[in-house]
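S.K.: The sequence shown begins at 908 in the numbering used here and counts up one residue at a time.
All C-beta atoms in this analysis are idealised placements derived from N, C-alpha and C, irrespective of residue type, glycine included.
Because the structure is a prediction, the values reported are computed rather than measured.
I am attaching a structure below and will ask some questions about it afterwards.
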Amino acid sequence: MKKRIYKSMVAISIITIVFSFILIAGVMYHSQYINMQQDVKDNARYISAGFNLSGETYLGELEDNIGTNRITWISKDGTVLYDSEADVKTMENHLNRPEIKEALKNGQGEAVHLSSTLGTQTFYYALLLDDGTVLRVSASTNSVFKSLYNSLPLMLIVSVSILILSLFIAGWLTKKIVTPINNLNLENPLSNEIYDELTPLLSRMSKQNIQIKHQFKELNEKREEFSAITNNMKEGLVVINNKAQIISINKSAIRIFNIEGIDTINKHILNLNRSAALQDAVKAATGGNSHEGILKNKDKVYHILSNPVYENNVVRGAILLIHDMTEQYMAEKIRREFSANVSHELKTPLTSISGYAELIKNGMVKEKDIQLFAQRIYDEADHLITLIDDIINLSRLDEKDIRHEKENIDLMDLSNEIINRLKPKANKKGVNLFIKGDHARISGSRHILEEMIYNLCDNAIKYNNENGKVTVSILDKANMAVFTIEDNGIGIPKKHQSRIFERFYRVDKSHSRETGGTGLGLSIVKHGAEYHNAWIQLESEPGIGTKITITIPKE
Ligand code: ADP
């Protein structure tokens, strides 16, 4: 704006200077020309008066006093009788000259002759003398263009001086006009006291300011509302534009992609994660299609859902919803593995039973060995029943919906009962069973607790040595009961300790099978503990023994 005002002012100055120059020159030239005409006419009248009095001799006397005027005396027939500047003999007849013609006719005549080559113009004034001859006085001046041309250097000096002055004044004026505009208080437009012409603009600005503030407030509220919703979502939410740059990302997504403290707004979404799953989701959504996929990130599994965002039938961006499904995925995986394992575990004893039975059927077993084979079939069938019982128990525990009846149980009494049941087995192996502690009571499912204690005691006997020792102790604490079972058996190597609670996991498969183990006992213990909100602690040293502690809240 400043430049524009300045330029306009300079342009006005230049135009004014040029016009003034032309106008002044014109006016000056005109008045000079009028003066010259008047001089010539006056001179002609003086000379004609002198001539009428003194005759031809007067012309001779005049010669030195005529100045720049040229005097010509012409006879009635147009012959030049006298000329103050030229030789009359060389001069043509003047009868046809307009001023002469006019003078002969009207007593006076005038004409102007322009010489384009010399850039001058000559004014002729003729008067009819008393004797019938004509006296003509003439004078030359520069033409208007020549006059202009002659005064050009001076005018240029004047113009440049005026121009410099104009530039300076234009700069000063521009600054004076623009400074108050530059210093306008735009926050509060109506507080400005400036040009009246700006008042409508300022009041409009004030109105718009109020409107913008209002809209901004509304926008902020909406953004906060959106943040509040998205940041409290468990799912990760990422909004991207059609160039796959992140517009918005919620807290869960930041956590999922592990980018705390990193500014990802306006960055490409693949900066979060370069997995093919994310690339496919982004590609599909920005291409206008919905997409679902599985994103694996370290030990986590996410379900990723991407949807395009349309505006006027054009894809403007996409929304990605990332849901942590590690638990379901793992549960599904365990279930799949479990089914495979169950089939395998069931097949082994059944194959043995079928094999033994076939041998007997084909008469390939001697009479005396039949009992031994029957015993084997019995043992395998027994193992099969135990296995199926364990599977049923575990399935029941798996079914979170099934509510097991809770009752007040004395852990000491229950443990005693189980120990008595297991005594024959312990005696067979020469293992001594001990029980000590308090009659701690908890609220729980008898069936589940029975299964848990039975499996723990059974393991402590199974994985023990000849003449080994198993001690069960029960501690009654304020809010909880602590059940501990300790043996001095074979122990569990460190690397297996974290896995023995998995289904069908055995440290030594053949040993487990020999002792009638199913690989499900500790799994049932783990699930039972979870059901009672209890926690398990395992301490074991190979060759020294194993200690398992279960802390059960009373309620
Ligand atoms: P299993 O039916 O094979 O006993 P469990 O789930 O009860 O299955 O136990 C898993 C594995 O943990 C066992 O195969 C065994 O190797 C190990 N284990 C469990 N209890 C003990 C223990 N008290 N001493 C040594 N090893 C044990």
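Short check: CB of P1460 to CB of M1359, under 8 Å?
M.R.: Taking 8 Å as the Cβ cut-off, P1460 and M1359 do not qualify as a contacting pair.
S.K.: Tell me T986's beta-bridge partners as DSSP assigns them.
M.R.: DSSP lists no partner for T986.
S.K.: Rounding to the nearest angstrom, what Cα-Cα distance links L1011 and R1004 in this structure?
M.R.: In a straight line, the C-alpha of L1011 is about 11 Å away from that of R1004.
S.K.: Any beta carbon from chain C within less than 8 Å of I1064's own beta carbon?
M.R.: The structure shown contains no chain C; it holds only a single protein chain.
S.K.: Put M943 into one of helix, strand or coil per three-state DSSP.
M.R.: Three-state DSSP puts M943 in a helix.
S.K.: Out of curiosity, what's the CA-to-CA distance linking M998 and D1038?
M.R.: So the alpha carbons of these two residues sit roughly 22 Å apart.
S.K.: Do you know how far the Cα of Y1031 is from the Cα of A956?
M.R.: When rounded, the distance between both Cα atoms is 18 Å.
S.K.: Quick check on the burial criterion: 16 or more other C-beta atoms within 10 angstroms. Buried or exposed for R1413?
M.R.: Buried: at least 16 other Cβ atoms inside 10 Å.
S.K.: Suppose contacts are defined by Cβ-Cβ distances below 8 Å. Is N1214 in contact with A1192 by that definition?
M.R.: Yes; because the gap between Cβ atoms is below 8 Å, this pair is in contact.
S.K.: Ends of the alpha helix (DSSP H) at A1247?
M.R.: It spans 1233 to 1268 - the alpha helix (DSSP H) in which A1247 sits, taken as one unbroken run.
S.K.: Classify L1179 as buried or exposed, calling it buried when 16 or more other Cβ atoms lie within 10 Å of its own Cβ.
M.R.: L1179 should be labelled buried.
S.K.: Determine whether the beta carbon atoms of N1116 and P1087 lie at a separation below 8 Å.
M.R.: No; because the gap between Cβ atoms is not below 8 Å, this pair is not in contact.
S.K.: How far does the alpha helix (DSSP H) with P1460 in it reach, from first residue to last?
M.R.: No alpha helix (DSSP H) contains P1460, which is instead part of the beta strand (DSSP E) from 1452 to 1460.
S.K.: Reducing DSSP to helix, strand and coil, say where H1175 ends up.
M.R.: It is a strand residue.
S.K.: Inspect the CB distances between the region 1344 to 1356 and the region 1396 to 1415 and report whether three or more fall short of 8 Å.
M.R.: Segments in contact, no.
S.K.: Strictly by DSSP, which residues pair up with N1339?
M.R.: N1339 is bridged to K1376.
S.K.: Assign L930 to buried or exposed, taking buried as 16 or more other Cβ atoms, counted over all protein chains shown, within 10 Å of its Cβ.
M.R.: Exposed, since its Cβ has fewer than 16 Cβ neighbours within 10 Å.
S.K.: Can you list, in chain order, the residues of its chain whose CB lies under 6 Å from that of S1073, leaving out five sequence neighbours each side?
M.R.: So the list reads S920, once near-sequence residues are dropped.
S.K.: Considering only heavy atoms of the ligand ADP, does any lie closer than 7 Å to the CB of T1456?
M.R.: Every heavy atom of the ligand ADP is 7 Å or more from the Cβ of T1456, so no.
S.K.: Using DSSP with H/G/I as helix, E/B as strand and the rest coil, what is F1390?
M.R.: Residue state, collapsed to three classes: strand.
S.K.: Apply the 10 Å Cβ neighbour rule to V1060 and answer buried if 16 or more other Cβ atoms are within range, or exposed otherwise.
M.R.: It is Pro, not Val, that sits at residue 1060 in the sequence shown. Exposed is the call here.
S.K.: Do the CB positions of G1143 and I1166 come within less than 8 Å of each other?
M.R.: Contact: no.
S.K.: May I have the straight-line CA-CA distance separating I1229 from H1175, to the nearest angstrom?
M.R.: Spanning the two alpha carbons is a distance of roughly 17 Å.
S.K.: I want to check one thing, is the minimum distance from the CB of D1305 to the heavy atoms of the ligand ADP below 7 Å?
M.R.: Every heavy atom of the ligand ADP is 7 Å or more from the Cβ of D1305, so no.
S.K.: Going by Cα to Cα distance, which pick from R1223, T1293, V1221, A1160 is closest to T1425?
M.R.: Among R1223, T1293, V1221, A1160, the Cα nearest to that of T1425 belongs to T1293.
S.K.: Determine the direct distance from the alpha carbon of G1351 to that of H1439, and round the result to whole angstroms.
M.R.: So the two alpha carbons sit approximately 7 Å from each other.
S.K.: By alpha-carbon positions, which one of K1207, V1189, C1364, M1237 ends up nearest to S1322?
M.R.: Nearest of K1207, V1189, C1364, M1237 to S1322, Cα basis: C1364.
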